[in-house]
Amino acid sequence: MSRSQTGAKYPRTPDGRYFVVNGQLWRCSNPALADEARQHLVGALMEARRAVKQAKACDDAAALKRARAAVNDAKVALGERGPVWWDDGSPDYNRYKATNTPYAAWYDRLVAQP
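Residue 93 in this note's numbering is what sits at position 93 of the sequence shown, and the numbering runs on without skipping anything.
Shown next as structure tokens:
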């Protein structure tokens, strides 16, 4: 395994589909996205997250609903939610505990490392 898969703050599965936080898999963005498109979408995601924070601070339910929809739209466009971006028929394990997936052996080896 490469350092990007084992030594990173959030290690990635060997196939690059997920990163792991506290034992839970989170789907990575689509690596086929052009850098410019990815940067634009990440900017939109961060703007939407700021809008969520602002709406909560103002206790504005309508703005919160719009902001959360914008977060979801950006995540779908990035490939982090919605249809999977791979085409080999493998199921989506987004938000699963790594130990409850086919990545369990890989994850066990990862956490066993000093």
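We treat Cβ as the ideally placed atom computed from N, Cα and C, and that holds for glycine.
Computed from a prediction, not measured in an experiment: that's the story for all the values here.
Taking the C-alpha atoms as reference points, what is the distance between residue i and residue j?
i    : j    : result
D35  : W85  : 16 angstroms
S4   : F19  : Because the pLDDT of S4 is 43, which lies under 50, any placement of that residue in the model is unreliable, and the number read from its coordinates should be weighed accordingly. Looking at the two C-alpha atoms, the distance is approximately 10 angstroms.
K9   : L78  : 21 angstroms
G16  : R81  : 15 angstroms
A51  : V71  : 9 angstroms
R136 : D60  : Outside the displayed span of the chain (1 to 114) sits residue 136, for which this structure offers no information.
G43  : A112 : 36 angstroms
A104 : C58  : 43 angstroms
P11  : P114 : 15 angstroms
P91  : K53  : 33 angstroms
L41  : T99  : 31 angstroms
P83  : S29  : 12 angstroms
Where does residue i fall in DSSP's three states?
i    : result
R27  : strand
R109 : helix
Given residue i, which residues of its chain have a CB within under 7 angstroms of its CB, disregarding the five upstream and five downstream residues?
i    : result
K97  : G23 and Q24
T101 : L25 and Y93
Is the distance from the Cβ of residue i to the Cβ of residue j below 8 angstroms?
i    : j   : result
W119 : P14 : Not covered by the structure: residue 119. The range shown for the chain is 1 to 114.
A55  : L45 : no
A62  : A48 : no
R38  : N94 : no
Is residue i near the ligand SAH, judged by its Cβ being under 7 angstroms from some heavy atom?
i   : result
A69 : Questions concerning the ligand SAH fall outside what the structure shown contains, since it holds no ligand whatsoever.
Leaving out five residues before and five after residue i in sequence, what residues of the same chain have Cβ atoms less than 6 angstroms from its Cβ?
i   : result
K75 : R81
Q) Going along the chain, which unbroken runs of the beta strand (DSSP E) with 3 or more residues stay wholly within the region 27–82? A) none
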